[in-house]
Structure formats: structure tokens, C-alpha cells
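In my numbering, the protein residues as written are 46 to 918.
Right, dumping it as C-alpha cells:
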């Protein structure tokens with residue numbers, strides 16, 4: 046409805062929509078009356094919408110159809126018949142809501158199960174595109190009061206905001222929504238009341254600032270909510286109408302002040318873009334509110350926002366009161382801050398005395414009324430390190446205390462002793478932070494603390510024992526600091542929980558401390574070995590690994606941590622051994638490394654990681670062992686071959702050649718293709734070393750033995766990888782070696798080949814004779830009479846009686862022994878069926894060239910010869 050036009054929609058008896066328009070200027074009169082006869086089947090109207098400029102009118106039907114009327118305003122003015130256009134909506138449920146977008150070129154459509162959008166400016170496309178798979182009930186779709194969205198959809202669980210491209214935001218708001226209305230920048234929700242089943246509630250929400258502006262239950266039941274100018278009218282079932290209007294900004298702010306909603310008041314005045322003095326006044330009032338609640342820090346921040354807009358003297362008086370509440374600490378910090386700005390200036394002795402009195406006289410059990418972190422930081426910046434240290438110790442600021450001792454005083458022993466007095470949780474935290482520095486300066490002591498912590502045996506040490514040990518080495522200020530730590534039976538013993546007293550805690554993962562040992566790898570070995578023994582139950586020496594079923598800790602380490610410990614220990618063993626000057630230490634560490642690899646099945650070690658470690662640290666013995674375990678035998682052989690290539694010393698080269706021969710003898714049957722590699726390697730060395738000739742002869746004999754063994758065990762695929770007679774001759778000939786050098790092997794191979802050829806020829810003649818007999822028999826069956834002299838039934842063994850049935854295969858049966866219409870010998874039917882099926886498959890394979898080509902890749906000439914034999918070519 047525009048300001049001067051009232052549009053109403055009804056239905057005639059045929060369920061076609063009827064539009065009526067009244068001109069509200071002067072005397073209301075009917076300006077337009079038409080029946081919209083659309084192309085769709087008549088169905089009840091479920092919703093309709095009009096664009097702001099009256100250019101478009103959309104009608105939604107109960108069957109899911111949407112009708113669009115263009116140039117609606119022009120039709121009213123010229124009394125023209127409207128032409129309906131159908132928008133294609135792929136749903137079969139009622140249209141529950143229609144809404145034109147703010148740009149008036151799109152139409153939003155809602156159903157109980159989805160939301161759609163259609164471009165109404167384009168005549169070529171009338172299809173509505175899905176926007177979301179959430180729908181809404183009737184009267185629950187409205188324009189969005191939020192600028193970033195186009196519409197609001199109300200469901201039982203929440204409010205959903207949408208734009209053209211999809212969902213923009215979701216606001217949880219539970220309750221059954223009866224209808225939804227928009228009013229200025231508010232949303233008006235009518236819902237069933239939770240207090241009474243017969244009542245309805247009206248709720249007004251500001252989505253921009255996210256607060257409920259009004260809420261009330263009406264027991265009369267609500268029919269509708271309509272708006273007129275700046276007033277809302279609530280129409281109830283009992284005939285009463287209630288009006289609601291927005292209160293003034295001053296009244297609104299006063300109401301928020303009374304409820305303590307100062308932040309919301311700030312948001313409102315900022316959104317309304319009110320005068321700056323009003324905004325500053327809200328800051329001042331919020332500061333007063335925080336001051337009354339003793340939140341002095343936040344109050345000061347709010348007062349600082351109002352500087353220049355409120356009376357300065359009042360702020361100064363407030364600040365003076367805060368300073369008194371802080372026990373004059375800000376005054377002392379102000380003196381120190383002045384010294385920080387100007388280092389050359391001297392702080393008056395009376396101010397230093399005041400600072401000492403403040404620290405010495407205050408009780409650590411008193412409530413802290415100033416920012417301890419800021420106080421300690423300012424004292425350090427001003428150079429008053431010992432005062433900062435005492436203040437940190439007094440109020441148990443462990444992090445500040447350790448930071449001062451380590452970073453300012455470089456007092457490593459004192460810092461470590463202090464850390465040993467902390468509970469396990471704090472010790473874990475600060476060792477993770479300062480562990481590297483402590484290890485570099487207090488190596489043995491820090492390692493012991495880390496071992497206790499990660500093994501689960503850590504227990505805070507009593508302050509009395511520490512005082513006895515440190516008494517002779519502490520200066521007067523440090524002694525005072527100890528007195529302020531507060532770790533004494535009177536005030537700290539009660540703070541320790543029963544869990545700490547019983548030394549029960551979950552030990553931390555040792556992996557988080559590995560990086561701290563980067564400069565002290567020997568201590569890392571000690572650290573890991575201790576944890577493995579305590580938490581995994583594994584102890585490693587140079588020859589064996591000792592394991593126990595029950596580690597000393599009640600909660601053993603998890604598998605990931607245990608695996609990380611093992612791989613890291615192996616890496617450190619090899620790294621330290623590589624750089625060790627002591628020969629015995631180097632051998633011991635490498636022996637332990639090899640022991641770990643050999644016992645890989647007993648310990649959680651990652652062999653792939655271990656292989657990489659051995660490679661990086663040039664530990665060939667471990668690398669070879671892992672290759673053998675993983676079945677990478679060809680890597681072992683190649684390794685020795687490469688060593689031979691780069692070996693200049695004759696003795697070492699000879700030893701490596703023997704290793705190549707030994708390795709192919711041990712692993713050749715597992716990697717038969719490596720025989721060719723080793724053969725070429727030995728042939729290349731004949732010119733420089735005549736001893737290799739006997740090795741070649743032995744290798745050829747071994748190849749023959751392995752081939753026989755593989756064929757015997759059915760490993761034909763592996764057997765074909767061994768070098769054939771022709772390949773051996775070619776390898777030897779290319780190297781310039783006389784064939785006579787392997788005369789005996791050649792004679793034996795020729796003899797074997799002749800014997801094999803003779804046997805093959807004999808088999809060939811036998812197969813030919815059998816084939817000829819079969820062929821003659823088949824020919825005889827087709828053109829010669831066959832006599833049957835059987836006297837017994839082949840099925841029952843009884844005497845044959847007429848009528849008897851004889852088959853060409855030679856079997857005879859009594860007629861009573863066969864089923865009706867049985868035309869095939871029962872005894873031969875199965876074998877004949879198998880042959881027919883094989884022949885059928887063979888004929889089908891003739892057309893399957895892809896199967897044949899794939900078979901040739903794997904089987905080679907064998908497949909071709911089989912197909913020739915089966916006459917498939």
C-alpha cells in the first residue's frame with residue numbers, strides 16, 4: 046500500500062484472484078477492479094506482495110505457483126487488463142511469503158521448506174533459484190532492518206537473514222512464531238507465550254544492536270500488528286487495540302542507566318550519531334559506574350575518553366581517591382616511571398625508603414589492589430631489580446621471579462632451586478620456557494630435574510632444606526627475597542593439594558623438552574635413557590635390550606611418545622658417536638644403535654625414520670641392517686658395488702668385492718634380477734683382477750641352481766628374471782672376455798639344451814600321434830557305422846534290455862535309466878560341458894583385444910603359443 050492507494054486481494058468463486066484498488070485522496074473511491082485469470086490451475090491465494098513504486102505485484106498460490114503482474118501502477122491509471130506471468134517454482138507446497146528486494150529487481154519467495162529468489166527484470170528467465178533449504182510459516186517473512194541483508198525469515202529455532210547470494214546471519218531465538226512484522230529499525234515478533242498456553246507475547250527486537258527493546262504477554266490473544274507513521278497498533282481477539290510508540294532518546298538513556306546498560310547506551314548514541322558531548326557524557330557516567338564498583342582501571346579508561354568534555358577537577362579528585370585506594374603504590378610507580386624516562390636523575394632517598402617500607406610492611410595474604418604485573422615491569426625498567434624480585438616472591442609471581450633471576454641477574458643456580466620448589470604443573474611450564482638456558486648453564490642439575498619431572502618422580506623440595514644449602518652463598522637482599530617467597534609450613538603447606546602431597550600427577554610428554562638439549566646432546570642421551578627405563582621398561586646396552594613387563598610408573602608412556610623417544614635416541618647416539626673423540630665411546634654408542642635396530646621387534650622404533658637417520662649420519666652398518674630387515678636386498682648389493690667404484694685402496698676394494706659376492710649369494714634368490722648386475726660388475730673387473738674369473742664361474746653355477754629352485758617352487762615369474770644363456774654370452778663378449786673362460790659352463794648348458802630339445806621333440810611326436818588318433822576317431826564317428834557290444838547299463842550296472850539307448854561315446858543305458866528327452870550321456874555330460882564352456886570363452890576372447898594385449902605384457906610368448914595351439918589365430 047502506498048501513501049495514497051489501498052490495494053486489496055480476494056478470490057472469486059472459481060478461486061481466481063480479484064484485485065481492488067481504492068484512491069484514498071479526498072473521498073475514497075474504487076479506482077480499479079479486475080479478475081486475474083492466470084494460466085495455472087485455480088488454487089487459493091496464500092500470499093501476495095507489491096513493490097514500493099507499485100510497478101510489480103506478485104501473488105503466491107497454495108499449490109506452489111507464483112504469478113507476477115508487471116506495470117501494475119500503469120494498469121491502474123489506464124484501467125488496463127493485467128497480463129499475468131508465471132514464475133517457475135520447483136515446489137509442490139504453498140507459497141508462505143513474497144517480498145520484493147530493496148533494488149526491486151528480485152523477488153524473494155518462501156515456502157515451508159525453502160527460500161527462493163527470482164530476477165523479475167529479465168523477461169527471458171522466469172525460473173526461481175533456490176537460496177536455502179530452510180523455509181518458514183505464513184506471515185514469517187519480512188524486509189531486513191539490517192543494511193547488510195535483504196530479508197528476515199523467522200523459524201521456531203532462530204531468525205535468519207538473507208541477501209541475494211544466500212544466508213548472511215543467524216540469530217538464535219527459540220519459540221513458535223505466529224507472525225513477523227518490521228517497524229523502522231525493529232522487528233516485531235508475535236509468539237506463543239511460555240507463561241500461559243492461552244496467551245500470546247509481543248517482542249520487539251533491534252537486530253543492529255542485538256537487544257530486546259520491548260516484551261509483553263497479552264492474555265487476550267493477538268490477531269495482528271499494524272504500523273502507522275511512528276506508532277504500532279496491536280489488535281487483540283477481545284476487540285481491544287493497544288498502541289506502542291518509541292520513547293525519546295533521553296528517556297531511553299535514563300532507562301538504560303538505571304539498569305546499568307552503559308555499553309548498550311554507548312552503542313545507541315553512536316548509531317544515532319548524536320552530538321559528541323552526549324557521547325562523552327555517557328563515557329563519564331560509565332566511568333562513575335565503574336568507579337562505584339571499584340573497577341578503577343576500567344573507570345580510568347572511560348574517564349580518559351571524556352577528557353576535554355567534562356570538568357577536569359572532578360576527574361582529578363577521582364584519580365586522587367584511586368591512588369589512596371592503591372596504598373600509594375601508583376605514587377611510588379610514578380617516581381620510578383620518572384627515573385625510567387630520565388636515567389640520569391636520582392630518585393630521592395625518601396621515595397626509595399617509602400618503596401622499601403611498602404614492600405616490607407605489606408602482607409602477601411592481603412588483597413592486591415594494584416596491577417602486580419605493571420608494578421614489577423616498571424621496577425625492572427627503572428633498574429630496581431631486587432625490589433621487583435622481592436615483590437614477585439612476596440605475591441608468588443613465579444614467572445616474573447624466574448625472569449628476573451635468569452634474564453637480569455643470570456643467577457642460574459638460584460633460579461633452578463626456586464623452580465624445584467614449585468608444584469609439578471608450574472615446574473613443567475617454566476622448564477619448557479627456560480629449560481634451554483638452564484641446561485646450557487646448569488647442565489647436570491637441570492637434566493636431573495627434567496628426568497624426575499618426566500618420569501613422574503618429581504616432588505617439590507622443602508624450603509628449609511634449600512635454605513641450609515644456600516645459606517652460605519646468598520647476599521642480604523637474596524636472603525630477604527627467600528623470606529618473601531612464602532614457601533614455609535605456616536602459609537604454603539596448606540596451599541599444596543593432597544594430590545601434590547601424594548606426588549600424584551600426569552607426567553608431561555618428554556618430546557616438548559627435546560629441543561632444549563640442542564647444545565648438550567650427551568645430556569639428552571641420559572634424559573631419554575632414564576625415561577625409557579622408568580616409563581617404558583626398556584634398558585639398552587651395547588649387546589642387548591632388557592625389557593620388563595611392568596614399568597615403574599603407574600601410567601606408562603603412550604606409543605607415540607615411546608616411538609619418538611626411540612628414534613630420537615638413535616639419532617643422538619649416531620650424532621654424538623660421529624663427533625666423539627673417544628674411540629671407546631664412539632664404538633659403544635654405535636653398538637647401542639645397532640642393538641636397537643636388531644631388536645626392532647621388541648621396541649617401538651620407526652625403521653623408516655631410523656634408515657633416514659643412519660643415512661644422514663653415514664652409519665653404513667645400521668643402514669645395511671635396516672635394508673635387510675625391510676627386504677631391500679638390492680640396496681645392499683648396490684651399496685657394496687658403489688663402495689667398490691670409489692675405493693682407491695686395493696685391500697679395501699678387494700674386501701668390498703667379496704662383500705658383493707657374499708651379498709648376491711645370500712640375497713640373490715630374493716632379487717634374481719640382481720644376478721645380471723653382479724655379473725656385469727665382475728666381468729668389468731676381469732682385466733684388472735684375474736681372480737674374478739672363478740667368481741664368474743661360481744656365479745653362473747649359482748644362477749643355474751637358483752633357476753632350478755625357483756621353477757621347482759613354482760616361482761616362474763621370478764625365474765624369468767634370471768639371465769638366459771644368450772644374455773650371459775652377450776655380457777661376457779662385450780667386455781672382451783674369451784668365451785673359453787666359461788667353456789665348462791657353456792658345454793653343460795649346450796648339453797642341457799640338447800637334452801631338453803630331444804625331450805621336447807619326443808613330446809611333440811607323441812602329441813602329434815595322439816592328435817592323429819583323435820582326428821581319425823572323430824572322422825569315423827561321422828561317416829562309419831559304430832557297433833555297440835555293451836551288455837550292462839552304464840548307470841545301474843543291470844543287464845541291458847530293449848529298448849536300449851547307445852551314445853557315441855561308447856556308453857549304453859536302459860531306457861528306464863534316463864530321463865525323458867535326455868540327449869546326452871549322463872557320465873560324459875559334465876566333461877563335455879566344461880569343454881564347450883572353454884571353447885565358448887576362447888571364441889569370446891578372440892574379440893577382446895584389450896585382454897590379449899594385457900596378457901602379452903605379463904605372459905609374453907607363452908600366451909601367444911597357447912592361442913596358436915587353441916587355433917584362436
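Idealized CB from N, CA, C, for every residue including glycine.
For residue i and residue j, what's the separation of their Cα atoms in angstroms?
i, j, result
"residue 163", "residue 307", "44 Å"
"residue 490", "residue 456", "14 Å"
"residue 464", "residue 202", "53 Å"
"residue 688", "residue 713", "19 Å"
"residue 669", "residue 681", "6 Å"
"residue 339", "residue 331", "12 Å"
"residue 674", "residue 666", "13 Å"
"residue 55", "residue 269", "19 Å"
"residue 622", "residue 614", "12 Å"
"residue 219", "residue 235", "12 Å"
"residue 619", "residue 634", "7 Å"
"residue 718", "residue 702", "19 Å"
"residue 498", "residue 479", "15 Å"
"residue 773", "residue 706", "17 Å"
"residue 380", "residue 431", "Because residue 380 sits at a pLDDT of 43, beneath the cut-off of 50, its placement in the model cannot be relied upon, and the following sentence gives the value as read from the coordinates. If you take the alpha carbons of residue 380 and residue 431, they lie about 17 Å apart."
"residue 83", "residue 275", "38 Å"
"residue 88", "residue 315", "50 Å"
"residue 105", "residue 141", "8 Å"
"residue 861", "residue 852", "15 Å"
"residue 281", "residue 266", "6 Å"
"residue 907", "residue 799", "21 Å"
"residue 185", "residue 225", "5 Å"
Using the beta-carbon count (16 or more within 10 Å), is residue i buried or exposed?
i, result
"residue 789", "exposed"
"residue 189", "buried"
"residue 57", "exposed"
"residue 522", "Residue placement at residue 522 cannot be trusted, given a pLDDT of 40 that sits under 50; what the coordinates show is reported in the next sentence. Flag for residue 522 reads exposed."
"residue 593", "exposed"
"residue 830", "exposed"
"residue 73", "exposed"
"residue 662", "buried"
"residue 660", "exposed"
"residue 517", "Reliability of the predicted coordinates at residue 517 is poor, the pLDDT of 40 falling under 50, and no value is obtained from them."
"residue 425", "buried"
"residue 494", "buried"
"residue 691", "exposed"
"residue 180", "buried"
"residue 684", "buried"
"residue 152", "buried"
In the DSSP output, which residue or residues are listed as bridge partners for residue i?
i, result
"residue 78", "65"
"residue 228", "231"
"residue 129", "114"
"residue 286", "280"
"residue 245", "237 and 263"
"residue 212", "207"
"residue 273", "276"
"residue 844", "837"
"residue 859", "849"
Tell me, please, whether the CB atom of residue i is closer than 7 Å to any CB atom in chain B?
i, result
"residue 329", "No chain B appears in this structure, which consists of one protein chain only."
Taking the alpha carbon of residue i as the point to measure from, which residue in the options has its own alpha carbon closest?
i, options, result
"residue 102", "87, 73, 86 and 132", "132"
"residue 658", "84, 318 and 641", "641"
"residue 231", "908, 615, 291 and 604", "291"
"residue 737", "724, 747 and 746", "724"
"residue 136", "776, 340, 154 and 244", "154"
"residue 616", "304, 664 and 589", "664"
"residue 335", "554, 348 and 299", "348"
"residue 245", "914, 233, 317 and 715", "233"
"residue 468", "453, 449, 501 and 484", "501"
Rounded to whole angstroms, how far is the Cβ of residue i from the Cβ of residue j, which I believe are closer than 8 Å?
i, j, result
"residue 859", "residue 849", "6 Å"
"residue 214", "residue 223", "Residue 214 to residue 223, Cβ: 23 Å. No contact."
"residue 777", "residue 728", "6 Å"
"residue 608", "residue 651", "6 Å"
With respect to 6 Å, is the separation between the Cβ of residue i and the closest non-hydrogen atom of the ligand PLP below this value?
i, result
"residue 117", "The model on display carries no ligand, and the ligand PLP is accordingly not part of it."
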